[in-house]
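Numbering (the working numbering), first residue to last: 0 to 71.
In structure tokens, the structure reads:
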């Protein structure tokens, strides 16, 4: 995140599973859905959310989220 901030960018557009309740550790090499608003990331409220209507990750909807870097 430091490098994103140092770049001078004001926003970050990324993927987040916004309905996934918690982020848990997994075995290296496996895949997991991540909700960036939950610890250990704890991103602020998204400025914009676009639901991709994708049901990967056990039916937790994947979304594109726009986050203001000044709040991270």
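Don't be surprised by glycine CBs; every beta carbon is placed ideally from N, CA and C.
Backbone CA spacing between residue 50 and residue 60 [nearest angstrom]: Going from the Cα of residue 50 to the Cα of residue 60 covers about 7 angstroms.
Nearest-angstrom Cα separation, counted from residue 6 out to residue 31: Looking at the two C-alpha atoms, the distance is approximately 28 angstroms.
Sheet register partners of residue 63 (DSSP bridge): Its beta-bridge partners are 14 and 49.
Identity of the residue in 3, 28 and 19 nearest residue 12 by Cα: Checking every option, the nearest Cα to that of residue 12 belongs to 3.
Burial state of residue 15 (16 or more Cβ within 10 Å): Counting of Cβ neighbours within 10 angstroms places residue 15 among the buried residues, the total reaching 16 or more.
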